[in-house]
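For reference, the structure is listed below as structure tokens.
Numbering (my numbering), first residue to last: 262 to 610.
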């Protein structure tokens, strides 16, 4: 999409959002594009800057220029990965976990780890796959692009047991060689399958797939650059994916807003929950309005077309047929056929 030498992350994110906001009212599209680079929507490369060196997930990097890669899945380990980390004496590459404090983290991972043999996880994984198929299963530009990307990606779904909060996350590794597949791991909290949290599931998944759309289309030289506006982009793209699939992503926005109103926690790597809830609502309402207007236009055109056909049919009958010569049963049959055509027009089928 963008050449390596002239890659500008802010420009790129706005162009990507613009590309997928086709089905949107122009004034609201401009408002959403501005949110990607606004002071609240983009906290200017702040991710990782507040991590403590004692945090087992601490990663030394240039400020905000690094995102998680597949080799850094310590927060979402399989049982096999845990065994390997324990055998090697490392929690992350080049990061030893010899202290008692870090051993506490390892025990926590063992309790909460992903376990593909867990039957409930298998059922939840099947549900996630079904939603992804809907999001990538229509003729819209964004869904077609997502379907093509996923066809070239080895996607692994992991259900995280006892994750502290309802959450989801994706790690995407772009292939250096176009003849090989990309790799991605989608992590989903099992809490998103419980109670009212289920209303947020579609939006969480659509948001993470928005990240897949983003990172898969970057030049390789810029694949790990991160900007907080990428979260706003994923909210917008995820909403478009959901609307095109006939799904509602606003439960995700409501969860983010309610969480912020309850906790008042400002995360250093993304906009506040109320800002994100408002972004999703703006996108959803505008996209639905455009979609409904298009459906109404198609329905009207179809109604006019069917009406002309009916008039033409009635004209032919009146000119070529002497109704008085019809047998009563034949006359009734003709009238019944005419009424059934009107019926299809009136109820929109």
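Note that the Cβ used here is the ideal one computed from N, Cα and C, for glycine as well.
Would you call residue i buried or exposed, if buried means 16 or more other Cβ atoms sit within 10 Å of its Cβ?
| i | result |
| --- | --- |
| residue 431 | buried |
| residue 547 | buried |
| residue 504 | buried |
| residue 449 | buried |
| residue 477 | buried |
| residue 526 | exposed |
| residue 537 | buried |
| residue 398 | exposed |
| residue 341 | exposed |
| residue 469 | buried |
With distances taken between CB atoms, is the gap from residue i to residue j smaller than 9 angstroms?
| i | j | result |
| --- | --- | --- |
| residue 490 | residue 274 | yes |
| residue 500 | residue 510 | yes |
| residue 502 | residue 420 | no |
| residue 235 | residue 479 | The structure shown does not extend to residue 235, since the chain is modelled only from 262 through 610, so no value can be given for it. |
| residue 417 | residue 444 | yes |
| residue 495 | residue 301 | no |
| residue 414 | residue 473 | yes |
| residue 493 | residue 269 | no |
| residue 401 | residue 288 | no |
| residue 422 | residue 451 | yes |
| residue 385 | residue 551 | no |
Excluding the five sequence neighbours on either side, which residues of its own chain have a C-beta within less than 7 angstroms of the C-beta of residue i, listed in chain order?
| i | result |
| --- | --- |
| residue 293 | 278, 282, 497, 540, 543, 544 |
Do you know offhand how far residue i's Cα is from residue j's?
| i | j | result |
| --- | --- | --- |
| residue 296 | residue 427 | 25 angstroms |
| residue 406 | residue 391 | 18 angstroms |
| residue 519 | residue 458 | 12 angstroms |
| residue 280 | residue 344 | 44 angstroms |
| residue 412 | residue 291 | 32 angstroms |
| residue 380 | residue 442 | 29 angstroms |
| residue 549 | residue 349 | 52 angstroms |
| residue 378 | residue 471 | 29 angstroms |
| residue 383 | residue 475 | 28 angstroms |
| residue 486 | residue 522 | 31 angstroms |
| residue 467 | residue 440 | 27 angstroms |
| residue 528 | residue 553 | 36 angstroms |
Give the single residue among the options whose Cα lies nearest to the Cα of residue i.
| i | options | result |
| --- | --- | --- |
| residue 410 | 422, 424, 287, 433 | 433 |
| residue 388 | 455, 535, 267, 290 | 455 |
| residue 438 | 460, 429, 481, 522 | 481 |
| residue 375 | 393, 397, 446 | 446 |
| residue 517 | 386, 298, 451, 429 | 429 |
I'd like the list of long-range same chain contacts for residue i, defined as Cβ closer than 6 angstroms, with 5 residues on each side in sequence excluded.
| i | result |
| --- | --- |
| residue 462 | 453 |
| residue 483 | 268 |
| residue 241 | No information on residue 241 is available, as it lies outside the stretch 262 to 610 that the chain covers here. |
| residue 393 | none |
| residue 276 | none |
| residue 298 | 271, 490 |
Can you find the residues in the same chain that come closer than 8 angstroms, C-beta to C-beta, to residue i, ignoring five residues on each side of it along the sequence?
| i | result |
| --- | --- |
| residue 314 | Its pLDDT being 47, under 50, residue 314 is placed unreliably in this model, and the value from its coordinates should be taken loosely. Excluding sequence neighbours, residue 314 sits near nothing in its chain. |
| residue 408 | 397, 398 |
Is residue i close to chain D, meaning its C-beta is less than 9 angstroms from at least one C-beta of that chain?
| i | result |
| --- | --- |
| residue 375 | Judged by its chain identifiers, the structure shown contains no chain D, having just a single protein chain. |
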